[in-house]
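Chains as they are written, first to last, in our numbering: chain A, 1039 to 1332; chain B, 1039 to 1332; chain C, 1039 to 1332; chain D, 1039 to 1332; chain E, 1039 to 1332; chain F, 1039 to 1332. Report on the following structure.
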């Protein structure tokens, strides 16, 4: 494990920044001895002492407004898993304390609040202004799919094992995968099959349906490939890149007409940037453009 | 043909339940001598005597609330066709009687009402709380595509022949395929090509664009594969499975933010189920969980 | 270059109609010596003298209401490019005059108006009542992708080079590609990768993700294939074809329930057409149906 | 009480049709001895023996497709109440049997299904193609507000007592008033006050905020006024009247642009009616137009 | 009548600009001898010779981009009517020629296109970037209501007579009133009553339900009051005023969350204006601010 | 000023809780010497030292999850103003530092982020699970309107002076009033007039258009009236009250059909509360019900 980054001093996440690739940050889930599983969120909601989920939110909120960062890679530490999902052993002994008492309605109010908080931790990845590339290897179960579906681009190793695992623990997934997967992958029949059966699927299938963009032979290659792609993006105008992420996310959720309207207003400000001239001139003069921080 | 199921006593649909696979129901379109074609709905709307469409609606409404059923397989009887669509010969002699008289506006009121009723018969499949797996073989034209697009998962045989046939009878399809296909298959260019040209396409193409999940060599294998998948799903917690279908259907039609909000409210009640503990414990103890009816 | 069509007398677009294939119009971008690049729109917005974009709008508006036209093919003149996008050399010297003065807000008002006008020129293709098939070859950069995404069906040659180029000129694309591409291709990860990196991709990749329907060996074959497909569509009932395009576009942007409702109202008028009987009868009698103009 | 109408043979609702006013039907809630309270729906959902709510649905579904009916008046029998809402005494002894067992999630599935069915009974009034005018007097509590909010026009007597009563029985209203009232009355602060406090309000306040259109001195005058208004509407072209109700309901729930688009498609069929010429000619010749049934 | 304005040389509309009130334009419907009725649009659609509606569109499109104009008043010439709506006499002899032939579907295509064009003429008022204040007097029937509902603010004289007249000519209104009125007036019961009955209502009622903002004793006073209000608005920063109109129109049609998101993007450019400082400083120094053209 | 509440230790807001009225909290804007004006947010965004807006957010977030609180009253300290809006003097000297440099696009990114944060501070009032009643007196300008529009119910004194002031400082309002006012008041013409003219309006006008529910003679009476209403609401079941606020807010922004669907899911959990039985029994036995905390 790397020495703790004093600018990003987190416990469950190692943030490597700056690294040799300019403007690129590398975030790693840092609980390799537990297969990068996540500590049960409800317990954290109650105890507020060991908040792995909240850390994830803070990491991405901080990166979002760090003007030195232009693209982000997200990986899992160790060789065995991007993340095996929920730490089931821990969860099974602690789940669902009596918060809310015996009144089912009062319980449901508390649960709803907690799900919202939990969802917000993942939405931080989607809301992060900078593109997030997620490289997955080994066990990538349950929350791993939820997390990666909130990222912009997914890559994986040949040995990855994916599973939308939640039905196997008696619940419909509720932190995002059921909302995001049908928008990530344009094959609703496949989404339903894997979400209803919780069956494991591998790299080739994931590539074929479009869940991942590229398959690499090793974890090292996948991480390297992610950093390469992040680096390519980080060399572009940040005005252009951040706008492109925002407008694609907006358009995904709106009609084309709404998308066009929002785009026009967005660019009425953004296109005034000097980056357009910088980019055009560099292109004509075959120079590499250099863009101010944003 | 099987002896009529007294619990599901329908004429145009054979419902096999219970079968050896627990919690799985098998519905078969039962008009093999006419290639499982459908009797023209407008005529039924007028005559109200021979209502193949309404039967389909009743079958799926009944299965939806039958607490012994957890997953459903839909197939077509005989070897030649899942369904060849509209019974054209019959339709051509009876279509569009003078209901509504000569006033084009009055006619359009009556036609609109009938299309709504007709659409409702298909929407019963989508609205059915339990997952519906559709296995198609042979001729699968017109209404066959409409029906399968309302199901959750589509499988087929190698010899299947698909066609979005409606433009060939002079009309834009109006019972669902044009609304559903762009959400089933994330390839709008392909959807437009097959819907505008009515050309036949086969199993491989259907698999490649994601219209079907798996291709089987024979009808028998396809039916068996469907029952297998249904059975796998039926072993999961029904709270988890029914919730997953509902939330995926909701998310398909809403923004991610709306999807997350609805999900949180949904699970604030559903996650209180004892199935979570049952599933977690069974997992740790390597037992097969057993869930109460829903 | 063909002699100018007196019915469609445009400068930057050659419209071939009628041609030997009945009801099919062939539109060609006609600036082969400049790789069919587009003259910068902002400049046109100011000068109003050389309006390549407005011509494109007029072409498709006119075709939309020309009752002799039932399907349209769009190609680029010459062997080197469908379109290389923006005429960068010209743009770089003229971009962003002082219209709006130095007040950033006033500038943004003017820019927003111009983007709306520019967007409208492309939306004319989508709004055109007749199906538009776009055949691309050679350089197909930037605006080329925006244009083709507004078409209904995309075909290409084996040698095509695609790039969502806008980030390379320092801006988020704003004339449609970011709104349309996520609806054309159901693989948001891939869309984000190509839009954020501006990397070039080829025919096979485009086919695999569903951006194009078919790949041809030569430009001639692609044009021929497009005309063939257009011709197949043009033989159908125009009531059915125009309705199918409209209903698919509507459904893409609405929930299934909204799609069904709109469809029912649409067909309450459209289904009264005599084309249904014509088509049914022709089918039974194995004749080729002949439909009135619309 | 009137002799039972053989065409509309209901127990809890008296349907007077035909009456002296052509094309007008008069529906009366017929449980005066119990202040026209409604029998608890959940109980009915279980027992299916005494289904006051389902009767209401059937009444309005039948009127919707009865081509002799063009406008409907809804009132409550007796002098004391339009409806005092839920039959609390009965409800308090029977409410919430153990259907669904002790598992809170399973219970919530059953409750959700029942609320949907219950909502559908009220939505029948909104979905009814003919305008429904609701005249209220005396106690008009709880369900009374839900019902009237689903009607098109509300009138009342000077002595009426309104209350959005549900919070007083420990629940958020769930059969429509919270969804409909903010669309009926453009004063969200007032809606919140009366819904959160359950305080009683009278005719003048209802008139001032726009919950009712007119206040009458007596029940007789209110019924007469309703029939008068219904009669005025029933003399118009039914193509115009039914279209106006549909388009106003659609527009209420959609953006202006969506409203305009739907309207154009709707009228593309409806405006072909001969009623336009009939109406124009009658107007010029000062005759009363006579329109065919629809 | 004023001499024709060479900058705004229209036949059916007198445009007075510049007038003594800076930045204010005064548009008058100029067909007083025919009670400012509108020539039937369908006829114009066919003949394209006498296009009163298209003129209205051009007037407001031109004013929208005229940087000297900041607020607009719309009135009707003469003493008898703002507009009596459709020129019925003319319409009754010419309505609904055989365009589209006898096929009801083909007819409906043509009618739909024409309604869209017609709607666009009215939407020009709503889309006009500058606030439009409509002052109505005398007969204000049918189209008069449609037009005024597309304006931003409505004023009237004490003698005005309003009627949503369309049902009286056998049709549901289709150029905007049914889509806009429920958003203008938050009293859906009242909207339904006047739209379904076509009854005449006066100034007091219009004021009470919020259809008009102010009632004046005479036409002269109403016009003067409108110019006064327009003048007050025209003295504000145009960046602020145009943004306020746009954001209110957007918010009316979207959820609050969508409204906030759009607003933030809008103002990220607009708030950079120097007008903020100008306004703040003028306020502190008790000077009247002076703003640049936009 | 009250001694600082140790549970709610804020600088710019006095929170009185508990008070003699059970479950009611009283929040007061506490900057009377500056007319309760707000410190310019942009400056705070930069400096992060004196964060009046963020305090407001924290107050309402904390109250939202404080299970002892069931209803909230919001007022302004002192006799002269609820809030006079922005502290203009301070703002004019500090506004718009060079954060973001000279690049208009980079500036717009920073401004957009800041507006979002600012909006979130107000949305905390709307998002607060408990009803918020806002009592206004004296100067209530600019931000005062934004704040009150995010509350559930508005009351005022006879001497109140309201103004949607933002256009007078050269900008379209962007922290909520333009998004919320058209949903609060169903009179879009009036909303446009006051937002475009920034004219002052008083209590009577506010009452008449529905911006406030009640007018009181003095500030003391208004505060007392607010506490009374809050107290009435606080005596109801919190399950019922919190659900009613949530469902009304949801319904305001969605179609009726969406509202009904969300409501059914919401109540499938909430209606399982014991509060229903408690309330029903208390009603029958004429006792005052007592509900558990939530």
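Backbone N, C-alpha and C define an ideal beta-carbon position, used for all residues, glycine too.
Spell out whether any CB of chain E is found under 7 Å from the CB atom of residue i.
| i | result |
| --- | --- |
| residue 1090 of chain F | no |
| residue 1132 of chain F | Unreliable positioning characterises residue 1132 of chain F in this predicted model, as indicated by a pLDDT of 48, which lies under 50. A coordinate reading is not provided. |
| residue 1332 of chain C | yes |
If distances are taken between C-alpha atoms only, which option among the options comes closest to residue i?
| i | options | result |
| --- | --- | --- |
| residue 1199 of chain E | E/1210, E/1238, E/1164 and E/1167 | E/1238 |
| residue 1244 of chain E | E/1195, E/1207 and E/1125 | E/1195 |
| residue 1222 of chain F | D/1216, D/1229 and D/1296 | D/1229 |
| residue 1117 of chain C | C/1150, C/1186, C/1099 and C/1073 | C/1073 |
| residue 1314 of chain D | E/1147, E/1076, E/1124 and E/1066 | E/1124 |
| residue 1109 of chain B | A/1290, A/1231 and A/1217 | A/1231 |
| residue 1097 of chain B | B/1179, B/1066 and B/1142 | B/1066 |
Comparing the C-beta of residue i with each C-beta of chain C, is any distance below 7 Å?
| i | result |
| --- | --- |
| residue 1214 of chain A | no |
| residue 1303 of chain D | yes |
| residue 1094 of chain B | no |
Are the C-beta atoms of residue i and some chain F residue less than 7 Å apart?
| i | result |
| --- | --- |
| residue 1336 of chain E | Here chain E covers residues 1039 to 1332 and nothing more, so residue 1336 of chain E does not appear. |
| residue 1177 of chain D | no |
| residue 1040 of chain E | Because residue 1040 of chain E sits at a pLDDT of 49, beneath the cut-off of 50, its placement in the model cannot be relied upon, and the following sentence gives the value as read from the coordinates. Output row for residue 1040 of chain E: interface = no. |
Between residue i and residue j, how many whole angstroms is the CB-CB distance? I'm expecting something under 8 Å.
| i | j | result |
| --- | --- | --- |
| residue 1166 of chain D | residue 1101 of chain D | 6 Å |
| residue 1213 of chain E | residue 1156 of chain E | 5 Å |
| residue 1234 of chain D | residue 1169 of chain F | 6 Å |
| residue 1215 of chain C | residue 1183 of chain C | 5 Å |
| residue 1176 of chain D | residue 1119 of chain D | 4 Å |
Does the beta carbon of residue i sit closer than 7 Å to a beta carbon anywhere in chain D?
| i | result |
| --- | --- |
| residue 1285 of chain B | no |
| residue 1277 of chain B | yes |
| residue 1355 of chain F | As shown, chain F starts at 1039 and ends at 1332. That puts residue 1355 of chain F outside it, with no answer to give. |
| residue 1220 of chain F | no |
Cβ-heavy atom distance between residue i and the ligand GTP below 6 Å?
| i | result |
| --- | --- |
| residue 1261 of chain F | With respect to the ligand GTP, the structure shown offers nothing to examine, as it has no ligands at all. |
With 7 Å as the threshold, decide whether the Cβ of residue i is near any Cβ in chain A.
| i | result |
| --- | --- |
| residue 1265 of chain B | no |
ask   = If we count Cβ pairs, one from each stretch, closer than 8 Å, do we get three or more for the stretch 1306-1317 of chain A versus the stretch 1051-1058 of chain B?
value = With the rule of 3 Cβ pairs closer than 8 Å, the stretch 1306-1317 of chain A does not count as touching the stretch 1051-1058 of chain B.
key: Against chain H: residues of the stretch 1305-1318 of chain C by CB proximity under 8 Å   = Absent from the structure: chain H. Protein chains present are A, B, C, D, E and F.
ask   = Which of the residues in the stretch 1142-1157 of chain C, read from start to end, lie with their CB under 9 Å from any CB of chain B?
value = For the stretch 1142-1157 of chain C, which is checked against every Cβ of chain B, not one residue is closer than 9 Å.
message = With a threshold of 8 Å, are at least 3 pairs of Cβ atoms found where one atom belongs to the stretch 1184-1192 of chain B and the other to the stretch 1241-1255 of chain B?
response = The stretch 1184-1192 of chain B vs the stretch 1241-1255 of chain B: in contact.
key: Within 9 Å of chain E by C-beta, residues of the stretch 1188-1213 of chain C in sequence order   = Answer set for the stretch 1188-1213 of chain C: empty.
ask   = Are three or more beta carbon pairs between the stretch 1262-1275 of chain C and the stretch 1285-1293 of chain C nearer than 8 Å?
value = At 8 Å Cβ cutoff, the stretches do not touch.
message = For the stretch 1055-1066 of chain D, list every residue whose C-beta sits within 9 Å of some C-beta in chain E, in sequence order.
response = Across the stretch 1055-1066 of chain D, no CB contact with chain E closer than 9 Å is found for any residue.
request  = Using a Cβ-Cβ cut-off of less than 8 Å, give me the residues of the stretch 1228-1251 of chain E that come near chain F, in sequence order.
outcome  = Of all residues in the stretch 1228-1251 of chain E, 1248, 1249, 1250 and 1251 have a Cβ within less than 8 Å of some Cβ in chain F.
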